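**Student:** This is the structure, below, for whatever I ask next.
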Amino acid sequence: MSINCNFCGKNEKEVLKLFKGNEAYICNECVDLCNEITEDLAEENKKEFMSNLGFLKKKIEKLENDLRITKNNPSF
Ligand SMILES: [Zn+2]
9 MSINCNFCGK NEKEVLKLFK GNEAYICNEC VDLCNEITED LAEENKKEFM
59 SNLGFLKKKI EKLENDLRIT KNNPSF
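If you count the sequence shown from 1, you need to add 8 to reach the working numbering.
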């Protein structure tokens, strides 16, 4: 009985390595693909994080500015 990757269906002779899971197998090619997707997601998350960070920084700058204005104008 040949062992096949449960994701792409290739058998153990067609790929470099088949990794055994609980009830399934995954080949090195599918693992590579998953890694690529994970990296893409990480990159997207990083971009989103950085843009959120930029937004927060602007907010903080604005708050600091407001604070400065309030300090300089006690009646404000
Ligand atoms: Zn596969």
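All residues carry an ideal CB built from backbone N, CA and C; glycine is no exception. Just so you know, these numbers come straight off a predicted model, no measurement behind them.
Our contact map puts glutamate 37 next to valine 23 with C-beta atoms below 8 Å; I'd like the distance itself, whole angstroms only.
**Tutor:** For the purposes of this step, residue 37 is identified with residue 29 of the sequence shown, where counting begins at 1. For the purposes of this step, residue 23 is identified with residue 15 of the sequence shown, where counting begins at 1. Rounded, the Cβ-Cβ distance is 6 Å, consistent with contact.
**Student:** Give a single yes or no on whether lysine 25 has its beta carbon closer than 7 Å to a heavy atom of ligand 1.
**Tutor:** Indexing the sequence shown from 1 puts residue 25 at position 17. Not so, every heavy atom of ligand 1 lies at least 7 Å from the Cβ.
**Student:** For alanine 50 and threonine 78, what's the separation of their Cα atoms in angstroms?
**Tutor:** As a first step, residue 50 must be located in the sequence shown, where it is residue number 42. As a first step, residue 78 must be located in the sequence shown, where it is residue number 70. About 41 Å.
**Student:** For cysteine 42, count neighbouring C-beta atoms within 10 Å of its own C-beta (all shown protein chains included) and say buried if the count is 16 or more, exposed if not.
**Tutor:** What you label residue 42 is simply residue 34 of the sequence shown in a count that begins at 1. Exposed, by the Cβ-count rule.
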